[in-house]
Amino acid sequence: MKIDGHTRTCGLIGNPVEHTLSPVIHNTLAEIMGHNMVYVPLRVEETLVEQAVNGANALNLLGCNVTVPHKSAVIPYLADIDELAKNIGAVNTLVRVPGGFKGYNTDMTGLKRALLSEGIDLSQEEAVVILGAGGASRAVAFLCASLGVKTTYLLNRSVDKAEAVACEVNSATRQGAIIPMSIADYKKIPVDSFVCLQGTSVGLYPNVKDVVIDDDDFYKKVKVGFDLIYKPAKTEFMNRVEANGGKAVNGLKMLMYQGFDAYELWNECKITKEAEEAVYKKLVEATRV
Ligand code: ATR
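Read in order, the letters of the sequence shown are residues 22 to 310 in the numbering used here.
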């Protein structure tokens, strides 16, 4: 990597940032795509989010990613916000516009792109099941509703959280598409075949044998199971889906494509197949357990 007077900087605003894989994604892309750009982690304390966004603007940063816990906190300091990100209420990408930055949510456009790369077009699905109602599942529920999925069953251990998320998504999208349920009631899902998005933290490394629903009758109905977890590469949820004849996908491509969507916005380009393959290989190596 050659750094000179023309090098542009992108950064990741978050806390902590030490375990991020985003520098691997973006610095590999810059090298292969031939952009004079460098990507660095920028740890920001919770009390300094406004200064960080204004500082990034003052320092002429090309763009930023934003990670936990600042994805909502940055919003008041943006010059503009994309419609999907506004609905979700969370931003993970800042793109330079006149007067500051515009906020996007490429976590969700990245998930959409990851699903499409596996042949899954959510907008064509009649029914989707989401497991979990935390930050990740909430954003997935927004994506499903915004893509026009007819019915999305949102299952959570604590049903009040599922109800709160469903209420929020349904009123923001002016549809009643999200149906909240307790995870214990999974047998009551009134469909026989569905795409299932696993958004709980159950099965995350090192608890690799854990699974949120332990019943083959459930997995027999899962035609495609997408686990948002990418470490381990094959979760117990994915094992169950495959053992019952479904297709299983992990969250690594979602991670990769949220980065690609951000990179393409910053550099006004389209990631080449060669760059994609190189990044994917590096991410697989970086997440091997
Ligand atoms: P994130 O922002 O990554 O989604 P989170 O907000 O902490 O993380 O959410 C974690 C999700 O995993 C929640 O849906 C949580 O269920 P509760 O809301 O009932 O806590 C779910 N989860 C965590 N451990 C679980 C377990 N042992 N069984 C079932 N669900 C679990």
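A virtual CB, placed ideally from N, CA and C, is assigned to each residue, including glycine.
Every value quoted in this text rests on a predicted model; they were computed, and no experiment measured them.
- The stretch 214-292 contains, as complete alpha helix (DSSP H) runs of 4+ residues, the segments 237-240, 257-264 and 273-288 (chain order).
- The beta carbon of Lys244 is closer than 8 angstroms to those of Ser214, Phe215, Val216, Gly267 and Lys268 in its chain, skipping five residues each way along the sequence.
- By the C-beta criterion, the stretch 279-291 is judged not to be in contact with the stretch 252-264, since fewer than 3 inter-stretch pairs fall below 8 angstroms.
- Following the DSSP letters along the chain, one finds Thr49 inside the alpha helix (DSSP H) bounded by residues Ser43 to Met54.
- Arg159 counts as buried, since at least 16 other C-beta atoms from the protein chains shown sit within 10 angstroms of its C-beta.
- Judged by the Cβ position, Gly155 qualifies as a neighbour of ligand 1 at the 7 angstroms threshold, a heavy atom of the ligand being closer than this.
- Remark: the shortest separation between the CB of Asn228 and any heavy atom of ligand 1 does not fall under 7 angstroms.
- Shown here for Pro37: same chain residues with a beta carbon closer than 8 angstroms to its own, the five before and five after excluded, namely Arg64 in chain order.
- For Gly55, the Cβ stays outside the 7 angstroms cut-off from all heavy atoms of ligand 1.
- DSSP places Thr30 inside the beta strand (DSSP E), whose first and last residues are Arg29 to Gly35.
- By the C-beta density criterion, Thr127 is buried, having at least 16 other C-beta atoms within 10 angstroms.
- By the CB criterion at 8 angstroms, Val190 and Val170 fall outside the cutoff.
- With respect to Val112, Val87 sits close: the two C-beta atoms are nearer than 8 angstroms.
- When DSSP states are grouped into helix, strand and coil, Pro97 belongs to the helix group.
- Nearest to Gln196 by alpha-carbon distance, out of Lys208, Val223, Cys165 and Ser222, is Cys165.
- Within the DSSP secondary-structure output, Lys123 pairs in a beta bridge with Asp101 and Val116.
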